[in-house]
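Asks:
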Amino acid sequence: MEVVLLALILVLAIFLGFELISKVPATLHTPLMSGANAISGITLVGALLAAGTGSATPALATWLGAGAVIFATVNVVGGYLVTDRMLGLFKQRAKPTDKEK
Amino acid sequence: MNPLHLKLYINAGYIVAAVLFILGLKLLSKPKTARTGNLLSALGMFVAVAVTLLSQEIVDWRTILICVAIGSVIGVLASRLVALTAMPQMVAVFNGLGGGASLLVAWVALFGSTHRFVAIAVVLSIVIGGVTFAGSGVAWGKLSAVLTSKPVLFLSQRFVNAALFLVLIGCAVLFVLEPAPTSYFLYAIIGVALILGILTVLPIGGADMPVVISLLNSYSGLAACAAGLAINNVILIVSGALVGAAGIILTNIMCKAMNRSLANVLFSGFGAQKTATKVVGQANPITPEDAYLILEAANSVTFVPGYGMAVAQAQHVVHELGTLLENRGADVTYAIHPVAGRMPGHMNVLLAEANVPYDQLLEMDDINPKMNTIDVAVVIGANDVVNPAAREDDGSPIYGMPIINVDAAKTVFVLKRSLASGFSGVDNPLFFNANTRMLFGDAKQSISALITEFKD
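So this is what it looks like as structure tokens:
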């Protein structure tokens, strides 16, 4: 049952992903990609669980987990910040009519 | 707190995070709301991490704090200091780290459980994560010119890849039959995955990088998703699948823009087989002074940038020239091919950096019907994406690829260092057309010279 449930969630999420992204203007392709990439840093959640178990697991597990935390944190922090930096550059043409509204 | 309640709170937090990711991605697809979308998505990540830290399995805070601090410092510095022209290689690095992290997470999962299902998920995550990690490393090398951007082909490459793939399957089966965190078969799987990652990206050339980057982006999501299956964590599965699907869509857009299948991009070094018709003719060079006279009289000008603009860092002077022309009453647009540059949307980011408003950027399908009304099309460091051979010469390796039809404009300026062929190694008949004028030299210097003419 558990496996079936996980599979169902997986399939629904994939469909949702397709629906969400299917209409994106070319201008936003790079920020979308780096923003999505930052989300894939969600593996940080798994990394935290792997690194924080302390003496419950062998030292090798903690070391691997620690590496995963560093990698994933760079991915998350860097990914979101750089996406924000890029999006901050995107500007619309200043139209006087817009300001009057 | 009651452990059952705690688990409930954590899962509720994951649902909030998933909703924020979904809303974030949705808002990211519109220019006006994109920045808010990214913030929402970051908030989702914060919630997910915060509730995870409540878990009772976590007892060792010191390791976590040190590692998060190290990762944050690197992330902040990288995102602030790296130039925007280096964005493709940076995205590649972040992708690779995400894939590497998922590989490690899956590996550690084996210390907790060696159930058959877990073992299968671990293999998936390690293979996808390993390919992403090593492949992104090679992509970084190619994009930052540490490695050659030409396709690296060696004989029996396909044979080697196929053999490695068989070894991988064999090791995977043997590992799943007897899973253990220190199994030699596991080490073999990791090793082969890394080698496969290197070998898959090495033969792919610079101009195909937009496809590779978005594919690796998709892989990093799928690796996280598989890691989620391994550690039975719903938020990893949902977010990873979202990113995986988004990456596949983007990859598909890139492939369509080159009229090639994904298999063709991945398995055939570009320009290796077909031979296009040799173009013979006389190119017409032009001086900045004469080009100025033509531009001055133009009512409509469109700029068509390519990777060469990024290399020459010419985006700021291009915008300056565009503004000068606009102030003289000309209609100025920028025509962007979907695969111009080295990653999806590369040109858009560079022009945004130079303060070009995004509504002045036109997509290929919007500009092509209007091209015959354009007085001057200025091609800056683009080649294959404006090559009429893609339309006319069915022997050409790029035949069938949709292009920006600059040759339909009344006059075409091509800013280029020399008459050398583009990345694909295909001659460009555009250079020899009667309405084409070649402005030889560095793109930035040529445009600066034009700006000087306008100011004098």
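Chains A and B supply the protein sequences, listed in that same order. Heads up, the first sequence is in the working numbering, so the first residue is 8 and it goes up one at a time. Heads up, the second sequence is in the working numbering, so the first residue is 778 and it goes up one at a time. Yeah, the Cβ is synthetic: ideal placement off N, Cα and C, and Gly gets one too. Since we're looking at a predicted model, the values are computed, not measured.
Report all residues from its chain with a CB closer than 8 Å to the CB of Leu-39/A; omit the five preceding and five following residues, and keep chain order.
Replies: Same-chain partners within the cutoff: Ile-28, Val-31.
Asks: Can you give the beta carbon distance from Gly-1017/B to Ser-47/A, rounded, assuming they're within the 8 Å contact cut?
Replies: The pair is a contact, with the Cβ atoms about 6 Å apart (cut-off 8 Å).
Asks: Exposed or buried, which one is His-782/B when buried takes at least 16 other CB atoms within 10 Å?
Replies: So His-782/B counts as exposed.
Asks: Give the secondary structure of Leu-1196/B by DSSP, where H, G and I count as helix, E and B as strand, and everything else as coil.
Replies: Here Leu-1196/B sits in coil by DSSP.
Asks: With DSSP as the reference, label Val-1153/B as helix, strand or coil.
Replies: Of the three classes helix, strand and coil, the one that applies to Val-1153/B here is strand, per DSSP.
Asks: Might you give, ordered along the chain, the residues of its own chain that have their beta carbon closer than 7 Å to the beta carbon of Ala-1242/B, omitting 5 neighbours on each side?
Replies: Here chain B has residues from 778 to 1233 only, and residue 1242/B is not among them.
Asks: Of all Cβ atoms in chain B, is any one closer than 8 Å to the Cβ of Val-76/A?
Replies: True, the Cβ-Cβ gap to chain B drops below 8 Å.
Asks: Check for me: the alpha helix (DSSP H) holding Arg-857/B runs from which residue to which?
Replies: Start and end: 838–858.
Asks: Per the contact definition of three or more C-beta pairs closer than 8 Å, is the region 931–946 of chain B in contact with the region 865–880 of chain B?
Replies: Contact fails: fewer than three Cβ-Cβ distances are below 8 Å.
Asks: What is the DSSP secondary structure of Arg-774/B, reduced to helix, strand or coil?
Replies: Residue coverage of chain B in this structure runs from 778 to 1233, which leaves residue 774/B outside it and unanswerable.
Asks: Identify whether Thr-1079/B lies in helix, strand or coil by the three-state DSSP scheme.
Replies: It is a strand residue.
Asks: Please identify, using Cβ separations under 7 Å, the residues of the region 1096–1127 of chain B that lie next to chain A, in order along the chain.
Replies: Of all residues in the region 1096–1127 of chain B, Ile-1113, Pro-1115, Met-1120, Pro-1121, Gly-1122, His-1123, Asn-1125, Val-1126 have a Cβ within less than 7 Å of some Cβ in chain A.
Asks: Does any residue of chain A bring its CB to less than 8 Å from the CB of Trp-917/B?
Replies: Chain A, which has no Cβ nearer than 8 Å to the Cβ of Trp-917/B, makes this no.
Asks: Looking only at DSSP bridge pairs, what is Tyr-87/A linked to?
Replies: Note: Tyr-87/A sits in no beta bridge, so no partner.
Asks: Consider the Cβ of Val-84/A: report whether some Cβ of chain B lies at a distance smaller than 8 Å.
Replies: Taking Cβ atoms only, chain B reaches closer than 8 Å to Val-84/A, which makes this a yes.
Asks: For Phe-22/A, count the other beta carbons within 10 Å of its own beta carbon; 16 or more makes it buried, fewer makes it exposed. Which is it?
Replies: Exposed, since its Cβ has fewer than 16 Cβ neighbours within 10 Å.
Asks: Shorter than 8 Å from the beta carbon of Met-89/A to some beta carbon of chain B?
Replies: Residue 89/A is actually Val in this sequence, not Met. True, the Cβ-Cβ gap to chain B drops below 8 Å.
Asks: Which residue or residues does DSSP assign as beta-bridge partners of Ile-1113/B?
Replies: Answer is Glu-1140/B.
Asks: If you reduce the DSSP assignment to three classes, tell me which class Thr-1188/B lands in.
Replies: Thr-1188/B falls in the strand class under three-state DSSP.
Asks: Listed from N- to C-terminal order along the chain, which residues in the region 779–802 of chain B have their beta-carbon within a distance smaller than 9 Å of any beta-carbon of chain A?
Replies: Listed by position along the chain: Tyr-791, Ala-794, Ala-795, Phe-798, Ile-799, Gly-801, Leu-802.
Asks: Between Ala-819/B and Ile-847/B, what straight-line distance do the alpha-carbon atoms span, to the nearest angstrom?
Replies: Spanning the two alpha carbons is a distance of roughly 19 Å.
Asks: Note down the Cα distance separating Asn-926/B from Gly-982/B, rounded to an integer number of angstroms.
Replies: Per the sequence shown, the amino acid found at residue 926/B is Ser instead of Asn. Going by the C-alpha atoms only, they are around 5 Å apart.
Asks: Which residue wins for smallest C-alpha separation from Ser-913/B, given the options Val-895/B, Ala-922/B, Val-868/B?
Replies: Minimum Cα distance to Ser-913/B is reached at Val-868/B.
Asks: The region 1142–1160 of chain B: which residues have C-beta closer than 8 Å to a C-beta of chain A, in chain order?
Replies: Of all residues in the region 1142–1160 of chain B, none has a Cβ within less than 8 Å of some Cβ in chain A.
Asks: Quick one: does Gly-1288/B have its CB under 8 Å from some CB of chain A?
Replies: As displayed, chain B neither begins before 778 nor continues past 1233, which places residue 1288/B out of reach and without an answer.
Asks: For Pro-65/A, does the three-state DSSP call read helix, strand or coil?
Replies: If DSSP states are grouped into helix, strand and coil, Pro-65/A belongs with coil.
Asks: Is there a Cβ from chain B that is less than 8 Å from the Cβ of Gln-99/A?
Replies: True, the Cβ-Cβ gap to chain B drops below 8 Å.
Asks: In or out: Asn-1160/B buried (at least 16 other Cβ within 10 Å) or exposed?
Replies: The residue is buried, with at least 16 neighbouring Cβ atoms inside 10 Å.
Asks: Which residues in the same chain as Leu-993/B place their Cβ atom closer than 6 Å to its Cβ, once the five residues preceding and following it in sequence are excluded?
Replies: For Leu-993/B, where only same-chain residues beyond five positions count, the Cβ hits under 6 Å are Asn-872, Thr-909, Gly-912, Ser-913.
Asks: Between the region 878–893 of chain B and the region 51–67 of chain A, do at least 3 Cβ pairs fall closer than 8 Å?
Replies: Yes, the region 878–893 of chain B touches the region 51–67 of chain A.
Asks: Any residues in the region 808–829 of chain B with a beta carbon nearer than 7 Å to a beta carbon of chain A? Which ones, in chain order?
Replies: Those would be Pro-808, Ala-811, Arg-812, Asn-815, Ser-818, Ala-819, Met-822, Ala-825, Val-826, Thr-829, in chain order.
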